[in-house]
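What the sequence shown shows, in full-length UniProt numbering, is residues 1 to 514, in sequence order. Think of the CB as a built atom: it goes at the ideal place given N, C-alpha and C, for glycine as much as any other residue.
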Amino acid sequence: MSLKRNILDLRKRKSEVLKGGGEKAIEKQVAMGKLTARERILYILDEGSFHEYDLFVEHAARDFDMENKKLHGDGVIIGTGTMHGSPICIFAQDFTVAGGSLGLMHARKITKIMDHALKMRVPLIGINDSGGARIQEGVDSLAGYGEIFFRNTLASGVIPQISVILGPCAGGAVYSPALTDFVFVVNNISKMFITGPSVIKTVLGEEISMEELGGAKVHAEITGNAHFYAESELECFDQIKKLMSYIPWNNKQKADKVEPKLPKKKKKIENIVPGDPKMPYDIRDIIQAITDHSEFFEIMELFAPNIVIGFGRLNGETVGFVANQPKVLAGVLDCDSSDKAARFIRYCNAFDIPIVTLEDLPGYLPGVDQEHAGVIRHGAKILYAYSEATVPKITVIIRKAYGGGYIAMNSRHLRADFVFAWPTAEIAVMGPEGAANIVFRKEISEAEDPEAMRQIKIEEYKTKFANPYVAAARGYIDEVIEPEDTRKMLLHALQISANKSVMGPGKKHGIPPF
Ligand code: HXC
Numbered sequence: 001m002s003l004k005r006n007i008l009d010l011r012k013r014k015s016e017v018l019k020g021g022g023e024k025a026i027e028k029q030v031a032m033g034k035l036t037a038r039e040r041i042l043y044i045l046d047e048g049s050f051h052e053y054d055l056f057v058e059h060a061a062r063d064f065d066m067e068n069k070k071l072h073g074d075g076v077i078i079g080t081g082t083m084h085g086s087p088i089c090i091f092a093q094d095f096t097v098a099g100g101s102l103g104l105m106h107a108r109k110i111t112k113i114m115d116h117a118l119k120m121r122v123p124l125i126g127i128n129d130s131g132g133a134r135i136q137e138g139v140d141s142l143a144g145y146g147e148i149f150f151r152n153t154l155a156s157g158v159i160p161q162i163s164v165i166l167g168p169c170a171g172g173a174v175y176s177p178a179l180t181d182f183v184f185v186v187n188n189i190s191k192m193f194i195t196g197p198s199v200i201k202t203v204l205g206e207e208i209s210m211e212e213l214g215g216a217k218v219h220a221e222i223t224g225n226a227h228f229y230a231e232s233e234l235e236c237f238d239q240i241k242k243l244m245s246y247i248p249w250n251n252k253q254k255a256d257k258v259e260p261k262l263p264k265k266k267k268k269i270e271n272i273v274p275g276d277p278k279m280p281y282d283i284r285d286i287i288q289a290i291t292d293h294s295e296f297f298e299i300m301e302l303f304a305p306n307i308v309i310g311f312g313r314l315n316g317e318t319v320g321f322v323a324n325q326p327k328v329l330a331g332v333l334d335c336d337s338s339d340k341a342a343r344f345i346r347y348c349n350a351f352d353i354p355i356v357t358l359e360d361l362p363g364y365l366p367g368v369d370q371e372h373a374g375v376i377r378h379g380a381k382i383l384y385a386y387s388e389a390t391v392p393k394i395t396v397i398i399r400k401a402y403g404g405g406y407i408a409m410n411s412r413h414l415r416a417d418f419v420f421a422w423p424t425a426e427i428a429v430m431g432p433e434g435a436a437n438i439v440f441r442k443e444i445s446e447a448e449d450p451e452a453m454r455q456i457k458i459e460e461y462k463t464k465f466a467n468p469y470v471a472a473a474r475g476y477i478d479e480v481i482e483p484e485d486t487r488k489m490l491l492h493a494l495q496i497s498a499n500k501s502v503m504g505p506g507k508k509h510g511i512p513p514f
């Protein structure tokens with residue numbers, strides 16, 4: 001065969017495989033509002049940068065008449081490319097080929113690109129659109145998932161691992177994403193469950209739709225399995241690119257520094273917080289009054305909104321923000337908000353991203369529901385995460401810092417590097433009303449006018465304790481600052497902390513509360 005004929009033969013073979021599951025299956029995919037697996041990769045990566053590998057891999061199934069079936073690429077596309085000009089490893093499951101189900105060779109393709117990503121210290125993006133373990137391949141499929149889970153765990157904290165759920169994902173196809181750092185979902189397209197509605201009906205007799213069981217909103221709002229929610233695939237890809245602009249490519253690199261910009265001047269920072277400590281406000285207004293160009297990229301916006309987490313930049317460098325949200329449940333810590341914050345703190349710590357904590361909370365949420373849901377062990381996660389973190393940690397106490405909340409939100413005692421407080425800060429065991437009722441119970445009940453006495457005692461307590469100066473007198477906070485100086489103080493604290501070095505006691509790993 002001449003070279004020309006060889007090349008033509010190669011092109012023919014390639015074009016055959018590029019048909020994926022065939023016209024009909026692709027039509028079905030498009031009718032559901034979904035892009036094809038290859039289109040998704042091309043949208044996510046820099047234009048013209050994608051290189052595909054293992055195009056000619058064939059499946060290894062021999063039972064159920066599978067030996068005569070062609071599954072192009074065995075239902076998954078793998079390759080490398082760039083994003084923002086930097087290298088990326090990527091895979092995308094192709095639902096048009098046997099429902100993107102995972103057999104032995106499909107898994108080998110994924111683990112090949114995962115091995116590359118870890119060896120080269122390059123982020124891994126996985127686009128999941130799969131019915132899970134390929135039933136016809138039995139234990140080989142299960143082995144394949146085991147190999148993927150092992151690699152997800154090995155790579156955790158070394159390279160960023162991003163999961164995009166773009167179809168009905170069942171079984172192993174959701175456990176791997178759960179082991180990764182960030183999960184993206186799209187309305188009407190993403191579904192995640194361990195077992196689908198038909199299994200639930202068979203086993204439990206319960207009827208539920210795929211959407212109600214594990215749709216995008218369910219995972220973004222209720223379960224906390226998804227970190228980012230979008231209305232369309234293209235919006236989702238923009239979110240991925242934005243996230244990647246904030247984070248480092250591996251745990252030995254810093255995130256790209258961008259040109260520093262001043263916050264946009266919208267509102268004076270001190271006018272955002274109402275004078276009455278019982279009045280809510282949106283903590284995101286404070287974050288945006290501080291960050292470069294007033295930009296804040298929020299993570300898990302819809303889940304446990306009583307705490308706000310996300311990335312912003314200070315002087316061009318990425319910073320992780322953890323902030324109580326007085327607008328929702330007065331910003332209390334509960335099971336979900338503790339989980340949400342703790343995992344983000346651990347992410348920032350693993351990838352060397354400084355953490356800024358903005359504090360305004362009345363404490364942990366009391367109640368039977370919370371106690372029985374395990375608020376002790378969930379709440380302990382945030383204590384553990386802050387204590388364990390060795391990146392620069394700076395706290396600004398804006399208003400309330402009561403009880404366990406004061407300790408948990410990166411207090412000096414958990415080794416904050418800098419703690420600043422606004423003059424409006426109230427640092428005490430509990431709020432004035434509650435404290436006065438307990439401490440002065442006798443005086444109040446025996447007074448001629450108990451209500452007048454209660455008010456006197458509340459004022460007395462406020463003057464004595466509900467301020468930043470008792471903590472300042474002990475050195476628990478470093479400085480009481482004017483709100484307008486918050487950004488300036490943070491910039492300086494970050495500059496001073498740039499080469500922070502902390503040696504731990506030396507251990508294999510700790511055992512965080514679960
Ligand atoms: C083999 C599969 C498959 C699977 C789908 N297909 N899932 N083939 N193994 N797991 C095939 C279908 O037979 C069909 O092939 C094609 O993919 C499209 O599937 P449909 O059912 O037509 O699509 P849809 O109606 O959209 O439903 C999607 C679905 C459903 C919800 C994902 O297919 C489903 O419930 N699949 C099974 C899910 C599951 O239980 N997986 C095993 C999980 S256990 P044809 O040829 O007709 O087009 C697991 C173990 C690991 O993953 C656990 C680790 C902890």
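Assignment of K191 by DSSP, reduced to helix, strand and coil, places it in the strand class. If you look at Q239, you'll find it in the alpha helix (DSSP H) that goes 233-246. Annotation note: the segment 468-498 contains the following uninterrupted alpha helix (DSSP H) runs of length 4 or greater, listed N- to C-terminal: 469-474, 486-496.
About 16 angstroms separates the beta carbon of E433 from that of N467, a gap too long to meet the 8 angstroms contact definition. Taking 7 angstroms as the cut-off, the beta carbon of P483 is found closer than this to the beta carbon of E270. For P260, no beta strand (DSSP E) encloses it, and the DSSP letter there is neither H nor E. In the structure shown, Y281 adopts coil according to DSSP, grouped into three states. In the DSSP annotation of this structure, the continuous segment of the beta strand (DSSP E) that includes T395 starts and ends at 393-402. Per the DSSP secondary-structure output, F418 pairs in a beta bridge with I394.
When only Cα atoms are considered, F182 and S411 end up about 27 angstroms apart. Partner residues in the beta bridge of P87, as assigned by DSSP, are T82. Around the beta carbon of G510, a 10 Å sphere encloses fewer than 16 other beta carbons of the protein chains shown; the residue is thus reported as exposed. For S190, the shortest separation between its Cβ and any heavy atom of the ligand HXC does not lie below 6 angstroms.
The shortest C-alpha to C-alpha distance from E301 to any of V328, P277, T202 is the one to V328. Taking the Cα positions, D54 is about 34 angstroms away from S198.
Closest option to S501, judged by alpha-carbon separation, among T80, M453, G215, V391: V391.
Sorting V319, N437, G504, A350 by C-alpha distance to the C-alpha of F297 places V319 at the top. Restricted to the segment 124-194, the beta strand (DSSP E) segments that are unbroken, complete and at least 3 residues in length are 124-128, 161-165, 168-170, 182-186, 191-193, listed in chain order. Annotation for N225: no alpha helix (DSSP H) segment contains it, and DSSP assigns it neither H nor E. Residues K261 of the same chain have their beta carbon placed closer than 6 angstroms to that of H293, with the five preceding and five following residues left out of the count.
Here DSSP, grouped into helix, strand and coil, assigns Q29 to helix. If you compare the alpha carbons of K69, R134, V186, K457 with that of G172, the shortest gap goes to R134. Going by C-alpha positions, H372 is about 35 angstroms away from L243. Taking the Cβ of G131 as the reference point, at least one heavy atom of the ligand HXC falls within a distance shorter than 6 angstroms.
Between K252 and F321, the alpha-carbon positions lie close to 21 angstroms from each other. The ligand HXC approaches R134 closely enough that one of its heavy atoms is under 6 angstroms from the residue's Cβ.
Residue burial annotation: G48 is exposed, with fewer than 16 other C-beta atoms found within 10 angstroms of its C-beta. For A31, the shortest separation between its Cβ and any heavy atom of the ligand HXC does not lie below 6 angstroms. Per the coordinates, the alpha-carbon of P354 lies some 42 angstroms from the alpha-carbon of Q455.
Counting the other Cβ atoms within 10 Å of the Cβ of M120 gives fewer than 16, which makes it exposed.
By the CB criterion at 7 angstroms, D129 and L102 fall outside the cutoff. With a cut-off of 6 angstroms, the C-beta of P168 is classified as near the ligand HXC, since at least one heavy atom of the ligand falls inside that distance. Per DSSP, the unbroken beta strand (DSSP E) holding H51 starts and ends at 51-53.
With a cut-off of 6 angstroms, the C-beta of G215 is classified as distant from the ligand HXC, since no heavy atom of the ligand falls inside that distance. Rounded to whole angstroms, the separation of the alpha carbons of D339 and R346 is 11 angstroms.
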